[in-house]
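In my numbering, the protein residues as written are 1025 to 1450. Heads up, the beta-carbon is just placed ideally off N, CA and C, and yes, glycines get one too.
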């Protein structure tokens, strides 16, 4: 098992220089400007308001539940030995396309201001009927930006979650060569029947953080935990999920990840607990923390919650949240934001960044930076509109080792420096 910091020293500078080499993408003309009819400052959410109510803080308490080791071992024994991330990357059988080769309609999903400096698009045939969601990277997994010898981007997608029989999958993207991103699919699953079978994770994937050897994923009933050292191979290619005649199938995916645990509201019977929509990692805190945004709607009542919970520092609990003796994890900090329909959330130092979807016909959203004093958004177009961001970016992931924020919108996977976001916000 790999723990954070194992690759921090001698090769770090060389690896990062190679990773950052090259020229920024020329993305001019990738997105159209916004009509003059849109609002400029009428949607200003203002400053963040600290949450001091003990009742509201208590609503952010989660209960950790772990899948028995015997269940996970039985499933692995039935399916064959577990494999690691590097084995998945070696089987990458799909490629993303460079921005210059992407359809103009897909390019419209990119931000206007600030502009993306890296962008590639998914093959529409490979993602048809799937909804894009969260992004996380090996920059979250380890602070040198590497997982073993690899640079990796994970991209979450979901299908039919609202219908009650959905699927969730993650593209494991080989990012060692940023000009040629290749990937393969891994289906997210949950062990059942004591490890004798598995079912699909029936939920959308709006938030996702890869920290140390664990992958934390939002679900309708909480946050599920996956162990990146417990990837399993399938043996049958079919649309079925689970044990099938002749072996194991995962809706045509070649690999599966079985959940090893979950975090759920301590009192799910109440309607006061906040369900997470966006997740991200904040390495500027001590210890590192998980940041979450509340699942809300554009016409919802009241402000949305943003909060953080600390990760455990005990090596025996790598990648898991800090808990008390009863296995409960509490929010260490929480704020209210008046930003409606919050999508992605990112926190770094004293700033919080939230992306918002837009109900406007052109589909452009906004990206706000908030703190305890004020809120700012980039402006663009002849009328200085603030609708300059992508239509929907449920995830913002900061790769601290490179200074880049990764996200995706529509068919576009993109990145841009956090410094350029700050410059655009003034």
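Per DSSP, what kind of secondary structure is residue i in: helix, strand or coil?
i, result
"residue 1045", "A caution first: residue 1045 carries a pLDDT of 41, below 50, which makes its placement in the model unreliable, though a value can still be read off. Residue 1045: coil per DSSP, three-state reduction."
"residue 1102", "helix"
"residue 1051", "Legend: pLDDT at residue 1051 = 43, less than 50; position of this residue unreliable, value from coordinates given subsequently. DSSP places residue 1051 in coil when its eight states are reduced to three."
"residue 1380", "strand"
"residue 1112", "helix"
"residue 1149", "helix"
"residue 1137", "coil"
"residue 1339", "helix"
"residue 1320", "coil"
"residue 1440", "strand"
"residue 1360", "strand"
"residue 1122", "strand"
"residue 1067", "coil"
"residue 1430", "strand"
"residue 1306", "strand"
"residue 1353", "strand"
"residue 1062", "Unreliable positioning characterises residue 1062 in this predicted model, as indicated by a pLDDT of 37, which lies under 50. The coordinate reading is nonetheless provided below. Residue state, collapsed to three classes: coil."
"residue 1448", "helix"
"residue 1084", "coil"
"residue 1344", "coil"
"residue 1420", "coil"
"residue 1435", "coil"
Are residue i and residue j close, meaning C-beta to C-beta below 8 Å?
i, j, result
"residue 1304", "residue 1370", "yes"
"residue 1438", "residue 1140", "yes"
"residue 1335", "residue 1346", "yes"
"residue 1269", "residue 1099", "no"
"residue 1356", "residue 1373", "no"
"residue 1232", "residue 1419", "yes"
"residue 1435", "residue 1148", "yes"
"residue 1133", "residue 1401", "no"
"residue 1381", "residue 1403", "no"
"residue 1071", "residue 1298", "no"
"residue 1176", "residue 1198", "yes"
"residue 1078", "residue 1157", "no"
"residue 1118", "residue 1242", "no"
"residue 1008", "residue 1284", "The first residue shown for the chain is 1025 and the last is 1450, placing residue 1008 beyond what the model contains."
"residue 1330", "residue 1358", "yes"
"residue 1088", "residue 1248", "no"
"residue 1190", "residue 1221", "no"
"residue 1159", "residue 1421", "yes"
"residue 1209", "residue 1164", "no"
"residue 1219", "residue 1344", "no"
"residue 1255", "residue 1108", "yes"
"residue 1110", "residue 1200", "no"
"residue 1069", "residue 1410", "no"
"residue 1196", "residue 1225", "no"
"residue 1262", "residue 1244", "no"
"residue 1122", "residue 1131", "no"
From the DSSP secondary-structure annotation, give me the bridge partner or partners of residue i.
i, result
"residue 1412", "According to DSSP, which records beta bridges pairwise, residue 1412 is partnered with nothing at all."
"residue 1394", "1376, 1399"
"residue 1221", "1216"
"residue 1243", "1246"
"residue 1074", "1359"
"residue 1233", "1240"
"residue 1367", "Looking at the DSSP assignment, residue 1367 forms no beta bridge with any residue, so it has no partner."
"residue 1001", "Here the chain covers residues 1025 to 1450 and nothing more, so residue 1001 does not appear."
"residue 1089", "1286"
"residue 1333", "1314"
"residue 1300", "1318"
"residue 1389", "1413"
How close, in whole Å, do the beta carbons of residue i and residue j come, if the pair is a contact with beta carbons under 8 Å?
i, j, result
"residue 1279", "residue 1307", "So it is not a contact: roughly 28 Å between Cβ atoms."
"residue 1390", "residue 1413", "5 Å"
"residue 1211", "residue 1193", "5 Å"
"residue 1144", "residue 1183", "Not a contact, Cβ separation roughly 22 Å."
"residue 1449", "residue 1429", "With a Cβ gap of about 13 Å, residue 1449 and residue 1429 do not count as contacting."
"residue 1352", "residue 1085", "6 Å"
"residue 1161", "residue 1376", "Incorrect: roughly 20 Å between the Cβ atoms, too far for contact."
"residue 1425", "residue 1203", "Contact doesn't hold; Cβ gap of about 19 Å is too wide."
"residue 1440", "residue 1138", "6 Å"
"residue 1151", "residue 1171", "Residue 1151 to residue 1171, Cβ: 24 Å. No contact."
"residue 1300", "residue 1316", "4 Å"
"residue 1417", "residue 1406", "Incorrect: roughly 24 Å between the Cβ atoms, too far for contact."
"residue 1260", "residue 1271", "4 Å"
Given 7 Å as the limit, tell me if residue i has its C-beta closer than that to any heavy atom belonging to the ligand GDP.
i, result
"residue 1081", "Absence of the ligand GDP is noted for the structure shown, with no ligands found whatsoever."
inquiry  = Which complete beta strand (DSSP E) runs does the segment 1250-1291 hold, if anything under 3 residues is left out?
reply    = 1265-1268, 1271-1274, 1279-1289
query = In chain order, which continuous runs of the beta strand (DSSP E) of length 3 or greater are located wholly inside the segment 1141-1212?
reply = 1142-1145, 1155-1161, 1176-1183, 1191-1198
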